[in-house]
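Number of protein chains: 2
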Amino acid sequence: MSHTAELIAVGTELLLGSIANTDAQTISKALSALGINVYFHTVVGDNPQRLRRAVEIAKGRADIIITTGGLGPTCDDLTKNVLAECFGKKLVYNEEAARRMEAYFRKLHPDTGKMTENNYQQAYLPEGCVPFQNDWGTAPGCAFEAEGVHVLMLPGPPSECSPMLRHRAIPYLSQLTDGAIASRSLRLFGMGESSVESLLRDRMNAMTNPTLAPYAKEGEVELRLTAKAGSEAAALALIAPAEAELKEQFGDKVYGVDVPSLEWVCLELLKKKKGLTLSAAESCTGGLMAKRITDLPGASAVFKGGVVSYTNEVKENVLKVPAGLLEEFGAVSEPVARAMAQGVRALTGSDLALSATGVAGPDRDDRDNPVGLVYVALAWEGGEHVRTVHAAGGRSRIRTVAASHGFDLVRRYLEGLPL
Amino acid sequence: MSHTAELIAVGTELLLGSIANTDAQTISKALSALGINVYFHTVVGDNPQRLRRAVEIAKGRADIIITTGGLGPTCDDLTKNVLAECFGKKLVYNEEAARRMEAYFRKLHPDTGKMTENNYQQAYLPEGCVPFQNDWGTAPGCAFEAEGVHVLMLPGPPSECSPMLRHRAIPYLSQLTDGAIASRSLRLFGMGESSVESLLRDRMNAMTNPTLAPYAKEGEVELRLTAKAGSEAAALALIAPAEAELKEQFGDKVYGVDVPSLEWVCLELLKKKKGLTLSAAESCTGGLMAKRITDLPGASAVFKGGVVSYTNEVKENVLKVPAGLLEEFGAVSEPVARAMAQGVRALTGSDLALSATGVAGPDRDDRDNPVGLVYVALAWEGGEHVRTVHAAGGRSRIRTVAASHGFDLVRRYLEGLPL
């Protein structure tokens, strides 16, 4: 049986534009993976009448309603009260929820650790529900079935909503579904979105199962293949030939399938080549290369460190870039990028070393180099390579694209591809 | 007269969770500034029947409907066709829209520059509408009034939606409104969300104009005061006494009002103290301090650079942390944090220097230090200070909170506050 879900986010802060409804994105992705259709998202403020109206509408067009937000004492448990009322449910005290909240409070406030009366209100849940205990905050969520509709309530803060979705809601929902959606994401670096789209456009429109959708993000393109079938394995089997065809077509531009990022691929490749280490000398990227690789747990096994050389002084004194190079070619130049990579490699004793020097904007540099021009270099034992990048967009995008070019050099070097 | 708007976003990619509905956030913020109430956001897929239903519901509860997405050839101009139909409008050819699209195409594809028949379809707009010409993409938007409802249609991609909102939709909407909303945001560092909330709870509930709302984000709290009045100046006058009271109450925990970030405040303070420069030695933050300050244009005037010392080797060889300290106390220790800050200060010749060494997780370090323990140090001419931080949460939050503590030390030092 095919299910249709509606997401209702409760929170005036969403209607004021203080935050974006990222919970809806997270949940929609998960529902899509379960093969549950989502036809509507609704956002409503902290207002009982309007929430009631939204729920009445949702009851008429969905058999799964998932709410986010409006739990907990700051909003008087609005969502729980309204949803219980709309489905004729009483609220009953849940001992375990109360105990868990107490434990959470003790951890958070080891000095006092006492909960207020307000907090205990959160331990009341609709009768007969499946409680979703909250190990990541205080307000518990829950699920119940009434009038042919499954109602799930999740907390609003993404740091609570996401783990409760994964550990509580998805197990509940997967019992309701048969059939599955599977998807595979090919990640490409080194081709513009419009080139990829124009190459794929006709095929994309002709495909129905799997479907093919391109997503562009800061210099990268993701190609997502999604198929529906009786089981996940059957859905994946539908995807396989299309995936092979795309890999053939885009060749070494495809840096991975279902991988989180280019730097993750680099980290895995470096780990595989036991003993190989990396460092980075960063001018315009200002620490972003280091930050991106050290975002990943386990980076310390391969990343030795780096230097952010935001002035010529640091380039000369720390990275030992010859003053003559800086003088003759300027900080934003191929020879300086090369010397920076060699310098940080010598300084840290790493096997590979990256560097980036360029103009992130908003203004041209003192030698009138254009915004977006970045030299990205990779140095290794006995050699190096400099890539000239012309990145479009604002400061943040230029920095991101430059750092990605660095990781692309590392990946291509380690995979033996032409740089 | 007070207006009520509903936002309808059209796009299956939103319901699949491929993207978040950031347009709704952007537009909601702008409407709030204009004093227009927003009671509902709706998201619907590329489906005429369901869009029609969503529009019928919106007609019954809003007098301004703003759609995003579903314009342009990839979705057969779904939104324009359905909205025109719902309000009994014919579509008529708009010569100027066609001319502008031709010009945009020539710019984008200087080689061919030819539009297809599909593209010309976009030049059809509801009769009698105000066209919103699109200087940032192809599909024009528009606005019309019918049955007492103002309908505005904007393109979906944020890079088109945002400028069209600012340059076309806001001028149109401001003619409809009188009165204004103003808001001011106090930003706090150094107090937990729950402490702030429990201090403010009663007052918050009692306040109506201005209202007071707290938002917590990665170790920071934002307190937003919002008031409605006949003019922006009158609304700000309503806010002023409450703002003064909060500043009194939270004292030097308030690091700024309507400022973008803690590092921005540091950059401004450093710029004011002409000649003062900063550097950073980062272990567990892995370049994040450098990245955050160099995200800001103009950082090169005050930030000299830094070292990411992800191994003891780099701490010893580059930062000159004595081997004996590393041996005796371990890399995650107060003496090493102190030596790292002194080391990077000597290396770069900066006036101030930050350092961070700690355990970002997911695992304890080799000396069994707990995840979340970070030593953050500030060094200056003739002195230094180390702060011991116990950060909760995952790897990303721990790194962010640690970096923020560093910037908090810089701010407090420069403002002459106790560290």
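Quick mapping for you: the protein sequence lines, in order, are chains A and B.
Mapping to this note's numbering: the first sequence position 21 is 21, numbers consecutive.
Position in the second sequence (from 1) plus 1000 gives the number in this note's numbering.
We put the CB at the ideal spot given by N, CA and C, even for glycine.
The structure presented is a predicted model; accordingly, all values stated were derived computationally and were not measured.
- Residues of chain A whose Cβ lies closer than 7 Å to the Cβ of proline 1362 (chain B) are, in chain order, Pro297.
- Here DSSP, grouped into helix, strand and coil, assigns tryptophan 380 (chain A) to strand.
- Annotation: Cβ neighbours of serine 300 (chain A) in chain B (cutoff 8 Å, chain order): Tyr1310, Thr1311.
- Spatial neighbours of glycine 1256 (chain B) in its own chain (CB-CB distance under 6 Å, excluding positions within 5 residues in sequence) are listed in chain order as Arg1187, Val1265.
- Beta-bridge partners assigned by DSSP to methionine 1153 (chain B): B:Thr1067, B:Cys1142.
- For glutamate 1197 (chain B), the chain A residues whose C-beta falls within less than 8 Å of its own C-beta are Thr74, listed in chain order.
- In the DSSP assignment, proline 260 (chain A) falls outside any beta strand (DSSP E) and carries neither an H nor an E.
- Between glycine 358 (chain A) and valine 374 (chain A), the C-beta gap is smaller than 7 Å, which places the two residues in contact.
- Counting only Cβ-Cβ distances below 9 Å, tyrosine 1215 (chain B) has contacts in chain A at Glu13, Ser18, Ile19, in chain order.
- According to the DSSP assignment, lysine 1080 (chain B) belongs to the alpha helix (DSSP H) that extends over 1078-1086.
- Listed along chain A are Ile57, each with a C-beta nearer than 8 Å to that of isoleucine 1057 (chain B).
- Between the alpha carbons of proline 1214 (chain B) and glycine 156 (chain A) lies a gap of roughly 14 Å.
- For the options A:Gly382, A:Glu313, A:Ala206, A:Ser396, the alpha carbon positioned closest to that of alanine 242 (chain A) is the one of A:Ala206.
- Taking 4 residues as the minimum length, the alpha helix (DSSP H) runs contained wholly in the region 8-43 of chain A are 12-15, 22-33, in order along the chain.
- Residue contact check for arginine 1184 (chain B) against chain A: no CB pair falls below 7 Å.
- With a beta-carbon spacing of about 16 Å, valine 151 (chain A) and alanine 139 (chain A) fall beyond the 8 Å limit used to define contacts.
- Around the CB of histidine 390 (chain A), fewer than 16 other CB atoms lie within 10 Å, so the residue is classed as exposed.
- Counting every other CB atom within 10 Å of its CB across the protein chains shown gives glutamine 175 (chain A) a total below 16, marking it as exposed.
- Counting C-beta atoms within 10 angstroms of its own C-beta, threonine 79 (chain A) has 16 or more neighbours from the protein chains shown and is therefore classed as buried.
- Under the DSSP definition of a beta bridge, glutamate 1327 (chain B) lacks any partner.
- Contacts with chain B at 7 Å (Cβ-Cβ) do not include valine 82 (chain A).
- When A:Asn21, A:Gln49, A:Ser333 are compared, the shortest CA-CA separation from aspartate 368 (chain A) is found for A:Ser333.
- Around the beta-carbon of lysine 1273 (chain B), fewer than 16 other beta-carbon atoms lie within 10 Å, marking it exposed.
- Short of 6 Å from the beta carbon of alanine 1084 (chain B), and not among the five residues preceding or following it, lie these beta carbons of its own chain, in chain order: Leu1091, Pro1126.
- Taking a C-beta distance under 7 Å as the contact criterion, alanine 1020 (chain B) and histidine 1041 (chain B) do not qualify as a contact pair.
- Here the alpha carbons of cysteine 129 (chain A) and glutamate 102 (chain A) stand approximately 21 Å from one another.
- When DSSP states are grouped into helix, strand and coil, proline 1418 (chain B) belongs to the coil group.
- In the same chain as proline 1210 (chain B), and ignoring 5 residues on each side of it, the C-beta atoms closer than 6 Å to its own belong to Leu1225, Thr1226, Ala1227, Leu1238, Ile1239, Ala1242, in chain order.
- Around the Cβ of threonine 1208 (chain B), a 10 Å sphere holds fewer than 16 other Cβ atoms; the residue is exposed.
- Taking 7 Å as the cut-off, the Cβ atoms of leucine 1016 (chain B) and serine 32 (chain A) count as close.
- Residue environment: arginine 1168 (chain B) is assigned as buried (16 or more neighbouring CB atoms within 10 Å of its CB, all protein chains considered).
- Closest in C-alpha terms to serine 1002 (chain B), from the list B:Ala1356, B:Tyr1172, B:Ala1180, comes B:Ala1180.
- Using a C-beta cut-off of 8 Å, the region 42-59 of chain A makes no contact with the region 188-200 of chain A, since fewer than three inter-stretch Cβ pairs fall below that distance.
- In summary, alanine 1244 (chain B) is exposed, with fewer than 16 beta-carbon neighbours lying within 10 Å of its beta-carbon over all protein chains present.
- For glutamate 1282 (chain B), the enclosing beta strand (DSSP E) starts and ends at 1278-1282.
- Look at valine 1401 (chain B) here: in three-state DSSP terms it is helix.
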